[in-house]
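Protein sequences, first through last, are from chains L and H. For the first sequence, the residue numbers in the working numbering are -1 to 212. For the second sequence, the residue numbers in the working numbering are 7 to 238. C-beta: ideal position from N, C-alpha, C; glycine also. Report on the following structure.
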Amino acid sequence: MSDPLFSKKHLKLLTDPLNSSNPITVQVLGICSALAVTAQLKPAVVMALSVMAVLAFANVIISLLRNTIPNRIRIIVQLVVIAALVILVDQVLKAYVYDVSKQLSVFVGLIITNCILMGRLEAFALGNRPWPSFLDGIGNGAGYSVILIIVGFFRELFGSGTLWGFRIIPESWYITHGGFYANNGMMILPPMALIVIGIIIWVQRMRNRKLIEE
Amino acid sequence: MNRNGNTYTFLYAAVMVVLVAAVLASVSIALKPRQKRNYEIEKKQNILASVNIETTAKTAEKIYAEKVVKEYLVNTKGEVIKGDAFNTDLKKERAKTPDKMALPVFECQTDDGIKYVLPVRGTGLWGPIWGFIALNKDMNTIYGATFDHEGETPGLGAEISTPAFQKPFKGKTIFDKSGKLISIIVAKAGQSAPAEHKVDAISGGTITSKGLQKMLFDDFTSYKAFLTKKKL
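Right, dumping it as structure tokens:
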């Protein structure tokens, strides 16, 4: 433990995933859930927070166990840790905050299949101490969240005319109410999420030329 | 011990699995009573919601005790049979042959008189969907409906649990003039169906909408004898 808790090196673990090593737009991990849960802003935010929490704790646990895990079954050990954490979270939510667990419904299970988790455990937690691993988990969770929230924002706004369930585009604009506007039905379907992510990747690479492959 | 040897690997896997299993099992047992209570409260809230009585998790049990005056089971011949209506598991009943099915009925006292609440259960796109339909005394006109689901897609199939989808059920009828069971047709825009039996489907949620339509038809068919009998 030579470094202080928030040394420059540690802070980089938090900030890099937001931009130059973003799990979605640069590493292209966790795309499936980014398509599935971003039709509305609220589930996107909830999913983002859940992934961040599970990722941070799984990283810490794997990091603590890293010197004992037999090399040949390390992927299985990682999977067991993730699955056990997710089931625990699900059970506790069902018992104590039932309405939240209802909103999360299928997403909690989806966390297990999120490739970001396995990716970070394998690439980072297996070779680093618990504290950097925790920061790495939070950082990557945040990087994932940023993209989910941006995609969710545009999809809900243009697909349903609402944000967080509140109406943004006035009813009177709609053709059914004598206006000129109609929601873009394509926006609530998964293909449009992929296109939005594609545009984000484009914009990001325009601003950060280092990311462009030769 | 050699950390790459077979013995270590087997031992590690065995210990890990037993530990994780023990933790999960004990958490599950410890939290079961609380979870069961949450399910029951939710069911009571749903039954009350189908007759348009809004409740919170805190008030549901008290209001339920006041408003739901009778709970009983009927069979597919329409006869009342013995049993615990509230805790009847619809999933198990649906798996039985029609002559063995026990179908719960809840009678609710509302400001508009007695309503008959029938639970329904079927299949959406990803998993089960279910709900409660409240019928007026004529056993034909729908007074209210609630639906819920386990894991339909948010923004698409999951819209069945929103008021926007459920409100239009009010006032629809399930029998036509000749007394034939039509149930409710969940129709896409442009699909023609008699207005008194039709509600709008969810765009992007076709399979959930179809599943809901099938669920209603199947379950009204099971209750048909009871409905016809009670109407007279």
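Going by DSSP, name the residue or residues bridged to residue i.
i        : result
Cys114/H : Val74/H, Lys121/H
Ala193/H : Asp206/H
Phe164/L : Leu161/L
Val29/H  : Bridge partners of Val29/H: none, in fact.
Phe16/H  : Per DSSP, none; premise fails for Phe16/H.
Val126/H : Gly137/H
Leu109/H : Val80/H
Thr65/H  : For Thr65/H, which the question treats as bridged, DSSP gives no partner whatsoever.
Leu187/H : Phe181/H
Tyr172/L : Tyr179/L
What span of residues does the alpha helix (DSSP H) with residue i cover, start to end?
i        : result
Ala140/H : Element bounds for Ala140/H: not the alpha helix (DSSP H) but the beta strand (DSSP E), 134 to 141.
Thr234/H : 212 to 237
Arg127/L : Segment: none, Arg127/L is in no alpha helix (DSSP H) and carries neither H nor E.
Phe171/H : 169 to 172
Glu120/L : 113 to 121
Pro189/L : 188 to 205
In the structure shown, what three-state DSSP assignment does residue i receive?
i        : result
Asp95/H  : coil
Lys83/H  : coil
His8/L   : helix
Gly157/L : helix
Thr23/L  : coil
Leu3/L   : coil
Met22/H  : helix
Arg9/H   : coil
Glu158/H : coil
Ile148/L : helix
Ile210/L : coil
Ala6/H   : Residue coverage of chain H in this structure runs from 7 to 238, which leaves residue 6/H outside it and unanswerable.
Gly135/L : helix
Asp97/L  : helix
Ser18/L  : coil
Ile59/H  : coil
Gly218/L : It is not possible to answer for residue 218/L, since the shown part of chain L is limited to -1 through 212.
Lys88/H  : coil
Thr103/H : coil
Lys42/H  : helix
Leu108/L : helix
Lys49/H  : helix
Leu37/H  : helix
Leu54/H  : helix
What are the boundary residues of the beta strand (DSSP E) that residue i is part of?
i        : result
Tyr149/H : 148 to 155
Ala180/L : Where Ala180/L is concerned, there is no enclosing beta strand (DSSP E), given that its DSSP letter is neither H nor E.
With a 10 Å radius around its C-beta and 16 neighbouring C-beta atoms as the bar for buried, classify residue i as buried or exposed.
i         : result
Gln197/H  : exposed
Ser143/L  : buried
Ser215/H  : buried
Phe16/H   : exposed
Lys178/H  : buried
Trp136/H  : buried
Met(-1)/L : A caution first: Met(-1)/L carries a pLDDT of 49, below 50, which makes its placement in the model too unreliable to give a value.
Ile109/L  : buried
Ala27/H   : exposed
Phe132/L  : buried
Gln172/H  : buried
Glu165/H  : buried
Ile22/L   : buried
Ala54/L   : buried
Thr227/H  : exposed
Tyr45/H   : exposed
Residues of chain A with CB under 8 Å from residue i, in chain order?
i        : result
Gly210/H : Within the model displayed, chain A is absent; protein chains L and H are what it includes.
Alpha helix (DSSP H) runs contained entirely in the segment 28 to 92 of chain L, provided each spans 4 or more residues: 29 to 34, 39 to 63
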